[in-house]
Every structure is written in C-alpha cells, then in structure tokens.
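Shown next, in structure tokens, is the structure this report addresses.
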Amino acid sequence: MTKSLAVSSPRAKRSGGWLAQSWRLAPRRMLWALCAPLLAGVLFLFQAWWLADILDRAVIGHAALQQLWPAISIVAGLLLVRALLVWSGERAASSGAEHIKHWLRATLMQRLLNKGPAWSRQHPSGELTTALIDHVEALEGYLQRYMSAAVAAVFLPLLLAVVAMGVDIVVGLLLLLTAPLIPVFMALVGWGAEAANQKYHQALQRLSGIFGDRVKGVFTLVLFGRAKEEVEAVQQASQDLGKTTMKVLRIAFLSSAVLELFAALGVAGVAVYIGLSYLGMLGDNFTGMTLQQGLFCLFLAPEVYQPLRQLAASYHDRAQAKSAITSLEAIFKTLPAVPNKNVEHTSDEAPEAKWEGVSVRLPMTDSNGVTPVLQVEGFSLTAPGTETVLLKPVSFTVNKGESIALQGSSGSGKTTLLESVVGLRTRHSGEVRLYTEGAGSNDGELGFLPGVCLLSAHPFLSGETVEQVLKLAAPEASEAQMWNALAKVDMEHVLRTQHAGLQTLLGTRGYGLSGGQLQRIALARLFLCEADLVLMDEPTAHLDARTRDVVLDAILAFCADKALIIATHDPAVAARLQRQWSLQDQTLSGVQS
C-alpha cells in the first residue's frame with residue numbers, strides 16, 4: 007500500500023499542475039469566469055451598506071417611504087448588476103469548459119490514432135472509451151465550478167472580514183478566526199475524497215473494460231459454457247463500482263456537514279455578539295455600534311462563508327477531475343502539453359497528424375518515366391517491447407502500376423510489415439517516403455495517412471447496416487456507387503435477393519452472413535476509396551476458388567494505376583501479381599531498390 011501511494015504521488019502532483027494550467031486553453035473566458043464572482047462580491051459591500059442604511063433610517067429615523075425610494079432603487083440596481091455578473095461568469099465558465107474538454111478529447115483522440123492499432127489492442131476497448139468520454143467529461147465540474155469558487159474563497163472572505171473589522175474589530179476578528187478553520191478541515195476531508203475518487207475511476211474503468219470485452223466475445227463465452235461465470239464477473243464489477251460510488255458520496259456529504267457546522271457557528275457567534283452588545287450585557291466598551299453597523303456586519307457574516315460553501319460544494323469536483331487526469335496519464339503515459347499561446351480560435355480543429363516517420367510528398371516522375379509511390383530505405387523491424395528482430399534492414403521501391411505478392415509463413419511478420427510501412431506500428435529504423443496526390447489533403451486532421459488504403463485480415467465492420475459500413479470509406483458515396491462496389495466483389499445479387507439490400511443489418515458481427523460474405527463487404531470499401539497505395543492482408547482467405555478469381559480480377563483492374571501489395575498464403579493469388587516477395591528468417595527477398 008505504501009509503495010502504491012509513493013508511486014502515485016508524483017503523478018497526482020503532475021495532474022494537479024496540469025489542471026492548474028488548463029485555464030490557458032480558453033484564457034479570456036476562464037479569466038472572466040474567475041473575475042466575475044470577485045466583482046459581484048465587491049458590489050455586495052455597497053449593497054449591504056445601503057440596505058443597512060435603509061433599515062436604520064426606517065426604524066431609527068422613522069423616514070417616510072418616499073425618502074427611501076432612491077436608496078431602494080440603488081440596492082435593486084446593485085442586486086441586478088450582481089446577478090448579471092454571476093450569470094455571465096457562469097456562462098463564460100461553461101463555454102470555457104466545453105472548449106477545454108473539446109481540445110483535450112481531440113488531442114487524446116489524435117494521440118490514440120497516432121499510436122496505431124498495435125497500441126490500441128493492448129487496452130480494452132471499454133477502457134479507451136471511458137478515457138475519452140467519461141474521464142474528459144469529469145473535468146467539467148472543476149473547470150465550471152471549482153476554479154471560480156477557489157479564487158473567490160481565497161479573496162472574498164478576507165476582503166469582507168477586513169471591511170467588517172473596520173466597522174467593529176470584534177466582528178472582524180471573529181470572522182478571521184473562524185473562516186480559516188473551514189479550509190483546514192476541508193483539506194483533511196479532501197485527502198480522503200481524492201483517494202476515493204481515484205478508486206471510483208479505477209472501478210469505472212474496470213467495469214467498462216470487462217463489459218465491453220465480454221459483449222464482444224459473448225458467442226465464444228456461450229460456446230465454451232462460460233457465460234454464467236462472466237455474467238457474475240460483470241455483476242461483481244458493477245457492485246464494486248456501486249460501493250465505491252457510495253464511499254465518494256459519503257465523503258462529499260461529510261465535507262458539506264463540516265462546512266455547515268463551522269459556518270453556522272461563525273454566523274451565530276456574530277449574531278450573539280451584536281445582540282448582547284445592543285442589550286448592554288458586554289459592558290460600556292461594546293455599546294457604540296449603531297443599528298446600521300450591526301445590520302451591515304450581520305449581512306456580511308453569511309457572505310464571508312458563502313464562497314467557502316461554494317468551494318465545499320465543488321470540492322469533490324476537484325478530486326474527481328484530478329483522479330480522472332491521473333487515470334488519463336496512466337493510460338496515455340503523458341498528458342498533452344498545455345500550449346502557451348491562445349488557442350481560443352482553434353476549438354474546431356484537431357491537432358496536426360504525425361505518423362511514425364512517414365514522409366508524405368506529392369508525386370514525381372523520374373527520368374525513366376517511372377512514378378514511385380512508396381520508397382523505403384534501411385527499413386528494419388523488431389517485435390513490440392522486445393529486441394527480437396522481425397526484419398533485417400531492407401530498401402525497396404514500389405512504383406505506380408506495380409502489384410506485389412508478399413509471402414511468408416504465419417508469424418513471419420507480414421502484417422507487421424504492412425502496418426509499419428504506413429506508420430501504424432513503430433519500426434526500429436529506416437525512412438519511408440510516400441508519394442501521393444493526397445499530400446495536401448486535410449486527412450491529417452483526422453489522423454489518417456492520405457493516399458493509402460489498408461485492408462486488414464480481420465476488418466472491423468463499424469456500422470449497423472451495409473450502407474454505413476461502405477460509407478466509412480466514402481461518406482459521400484451514392485447508392486449507385488455502393489452497388490457497383492458490391493457487384494465487383496460478387497455481393498450485389500446476394501444482398502438484393504436474400505437480404506434487405508444496403509439496409510441489411512450487420513452490427514459488429516455480421517449476423518446472418520458468412521465469413522466470406524463479410525470479408526467481401528469489407529473489401530467492397532476498396533472500390534470507393536481514392537488511394538495511390540493499396541495494402542491488403544489475406545483479402546481472399548475466406549473465399550472459394552470461383553469467388554476468389556472474381557474478386558482478384560476486380561482488385562487488379564481497380565489497382566492498374568496504383569501500387570498494390572497483397573500479403574497472401576495462396577499461390578494462385580501470388581501467381582497473378584507482377585512481383586513476389588518472400589519474408590523468411592527476418593529477410594525480405596525478391597525486392598528491388
């Protein structure tokens with residue numbers, strides 16, 4: 007336990023430092039959100055003084071209502087201005103919080119895309135989803151409520167107590183002595199709140215990961231008779247989350263109770279002192295306070311504790327945000343650096359994409375009339391997290407119009423090579439240059455390498471219907487274009503006659519369709535892409551000979567003016583391609599520089 011706390015302490019400090027700097031992501035809005043409550047507090051001094059004067063003149067001076075109307079109008083005006091200040095501050099805080107959350111979510115999403123599938127596969131999908139949605143959303147309370155409450159709690163109680171001391175030194179001292187006790191006890195309670203919130207986020211992250219993975223593998227669990235045990239595991243994780251949530255709420259209520267106790271004692275002490283002084287029970291030295299002064303001090307007393315009340319109400323927001331940022335750092339290893347410059351005008355732009363050493367350039371044609379699409383120099387690979395060599399240094403060029411078969415035994419590194427060439431995996435050494443018309447496109451804003459189409463051996467069908475799956479490749483594709491793509495993979499007739507056409511339901515598992523049919527639907531996306539380099543991993547693995555030939559004919563026709571690399575175990579597929587590479591014993595043979 008001691009070791010765990012020692013390890014988490016530096017990370018917790020970094021999380022607190024990051025949160026303290028986060029306002030710089032929306033400086034104008036956040037600064038106004040911090041200043042508005044202070045201005046409203048200053049105006050309250052004038053409002054309280056005028057209100058006390060009205061009551062003093064009415065009770066002691068027996069002033070007529072007509073004489074009091076100017077002062078009443080001033081008090082009403084001050085009340086309205088204070089309300090507008092508070093409203094504008096809350097609005098600015100809400101807008102700034104949304105801006106900062108959007109920036110952080112876009113930055114983390116960009117980092118996730120840049121890390122590639124190899125890194126994503128090491129984390130449960132539910133964990134990453136929770137990180138990008140729930141953990142980022144947990145910052146809202148801190149940004150929208152806690153920051154302004156913390157600033158107000160530092161300055162306003164001191165200001166009001168000093169002003170009260172100018173009216174009556176005993177009242178001022180009473181306020182100055184009782185107010186600091188609240189932050190002290192709040193800090194003691196806050197240590198427990200932060201630890202409880204950290205456990206809450208860990209439990210939520212664990213439940214999300216367990217539930218997402220179990221839903222994804224529900225058919226396998228049923229086949230092996232493990233469904234009941236896994237349901238119990240999900241239930242246990244859910245119960246653990248419920249218990250952790252109740253602990254957080256218990257601490258939140260405890261902190262509020264501590265605050266209310268000291269605030270009530272402070273206000274009651276001021277009221278008792280003023281009442282006894284009016285009754286003359288404190289001696290002649292404490293009888294000089296006028297009604298206006300006494301009422302003014304009574305009005306100030308609750309307001310001294312009000313910022314502290316707001317701080318206590320939002321203190322658990324700080325603990326929640328801090329634990330959320332700590333969890334984000336644990337997942338992504340480092341937190342995004344808060345830029346020094348104003349990013350107010352970049353809220354709708356994701357950070358510029360950076361791929362693993364892939365240099366993207368516009369196409370060129372050499373003196374021999376050859377147009378290279380992919381150039382690789384000194385390229386080598388090692389297994390992720392180890393020094394095991396998968397590929398010794400190699401250099402090669404793939405030109406426009408060339409088709410290449412990448413062969414090798416299972417586990418030799420064919421998939422790793424394809425993904426590393428386009429920056430989806432980290433390579434050991436080498437330089438990669440991609441020449442494509444998409445070099446000047448905006449795909450980088452979404453983290454995609456322009457001009458490349460990669461079809462993995464197990465493509466993910468992200469969509470409820472066939473139409474949604476196809477539009478992942480081309481959102482603007484027409485119905486005719488989608489049917490044309492399906493026809494090229496011999497799926498048009500199947501979907502028109504046996505299913506609901508483009509509205510055939512798939513989910514993520516392709517209910518009602520065979521593995522080969524799902525493979526062909528995923529493959530149809532190729533014919534909707536605009537790519538200069540096409541990489542395919544076993545595209546015909548689940549197809550019979552006739553369908554394989556039909557699909558391969560369509561692929562070769564479509565890629566006639568593109569660079570094509572197909573990783574395959576099928577000799578019939580390799581024989582149809584212009585060149586054959588072989589990956590064996592960490593060596594890529596058959597290449598040409």
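According to the working numbering, the stretch in the sequence shown is residues 7 to 599, in order. Cβ coordinates follow ideal geometry from the N, Cα and C atoms, glycine included. In this text the structure is predicted, and so the values were computed from the model without any measurement.
Checking the sheet assignment: what are the DSSP bridge partners for residue i?
{"i": "S386", "result": "S435"}
{"i": "S409", "result": "L570"}
{"i": "R20", "result": "None; R20 has no bridge partner."}
{"i": "V404", "result": "L380"}
{"i": "R212", "result": "In the DSSP output, where bridge partners are listed per residue, R212 has none listed."}
{"i": "V177", "result": "Per DSSP, none; premise fails for V177."}
{"i": "S131", "result": "Paired residue(s): none; S131 is not in a bridge."}
{"i": "Y441", "result": "R367"}
{"i": "L397", "result": "L387"}
{"i": "L511", "result": "T471"}
Between the beta-carbon of residue i and the beta-carbon of residue j, is there less than 8 Å?
{"i": "A343", "j": "L181", "result": "no"}
{"i": "A530", "j": "K494", "result": "yes"}
{"i": "L1", "j": "A99", "result": "Within the shown structure, residues of the chain are numbered from 7 to 599, placing residue 1 beyond reach of any answer."}
{"i": "L589", "j": "G384", "result": "no"}
{"i": "V475", "j": "L512", "result": "yes"}
{"i": "G375", "j": "D567", "result": "no"}
{"i": "V500", "j": "Q525", "result": "no"}
{"i": "V157", "j": "L334", "result": "no"}
{"i": "P378", "j": "T442", "result": "no"}
{"i": "L49", "j": "V87", "result": "yes"}
{"i": "M153", "j": "W29", "result": "yes"}
{"i": "L265", "j": "A159", "result": "no"}
{"i": "I410", "j": "L467", "result": "no"}
{"i": "Q128", "j": "L396", "result": "no"}
{"i": "L440", "j": "L380", "result": "yes"}
{"i": "R582", "j": "L549", "result": "no"}
{"i": "A58", "j": "F302", "result": "yes"}
{"i": "E485", "j": "L508", "result": "yes"}
{"i": "L541", "j": "L455", "result": "no"}
{"i": "L255", "j": "L213", "result": "no"}
{"i": "V276", "j": "V142", "result": "no"}
{"i": "A77", "j": "W56", "result": "yes"}
Assuming residue i is part of the alpha helix (DSSP H), what are its boundary residues?
{"i": "W75", "result": "71-126"}
{"i": "V65", "result": "33-65"}
{"i": "C303", "result": "297-338"}
{"i": "S462", "result": "Per DSSP, S462 belongs to no alpha helix (DSSP H) and is neither H nor E."}
{"i": "V160", "result": "153-173"}
{"i": "Q523", "result": "521-530"}
{"i": "R552", "result": "551-564"}
{"i": "V472", "result": "472-477"}
{"i": "R582", "result": "577-582"}
{"i": "V427", "result": "420-427"}
{"i": "Q487", "result": "485-494"}
{"i": "E482", "result": "It is not in any alpha helix (DSSP H) - E482 carries neither H nor E in the DSSP assignment."}
{"i": "S344", "result": "Note on identity: in this sequence residue 344 is Val, with Ser being the wrong assignment. Per DSSP, V344 belongs to no alpha helix (DSSP H) and is neither H nor E."}
{"i": "T503", "result": "498-504"}
Just to confirm the assignment, what range does the beta strand (DSSP E) spanning residue i have?
{"i": "T543", "result": "Checking the sequence, you will find Asp at residue 543 rather than Thr. 539-543 is the span of the beta strand (DSSP E), which, as asked, contains D543."}
{"i": "T593", "result": "593-595"}
{"i": "R30", "result": "Looking at the DSSP string, R30 is not in any beta strand (DSSP E), and its letter there is neither H nor E."}
{"i": "S588", "result": "585-590"}
Heavy atom of the ligand FMN less than 7 Å from the Cβ of residue i, yes or no?
{"i": "F302", "result": "The ligand content of the structure shown is nil, which means the ligand FMN is not present either."}
Since residue i contacts residue j with CB under 8 Å, what's their CB separation in whole angstroms?
{"i": "Y284", "j": "G300", "result": "7 Å"}
{"i": "I572", "j": "V579", "result": "6 Å"}
{"i": "A3", "j": "F305", "result": "Because the chain is modelled from 7 through 599, residue 3 falls outside the range shown and cannot be assessed."}
{"i": "T553", "j": "D496", "result": "6 Å"}
{"i": "G436", "j": "P465", "result": "The pair is not a contact, with the Cβ atoms about 27 Å apart (cut-off 8 Å)."}
{"i": "W489", "j": "E498", "result": "6 Å"}
{"i": "S126", "j": "L118", "result": "7 Å"}
Validate contact between the region 413-433 and the region 453-465 using beta carbons, cut 8 Å, 3 pairs: yes
The region 224-237 in contact with the region 265-281 per 3-pair CB rule at 8 Å: no
Any 3 or more C-beta pairs closer than 8 Å across the region 535-551 and the region 504-513: no
Stretch pair the region 58-68 + the region 99-111: three plus CB contacts closer than 8 Å: no
Validate contact between the region 169-177 and the region 252-260 using beta carbons, cut 8 Å, 3 pairs: no
Should the region 312-330 be regarded as contacting the region 395-407, the criterion being three or more beta carbon pairs within less than 8 Å? no
For the 8 Å Cβ check, are there 3 or more pairs between the region 88-96 and the region 22-42? yes
When the Cβ atoms of the region 124-140 are set against those of the region 211-218, are three or more pairs found closer than 8 Å? yes
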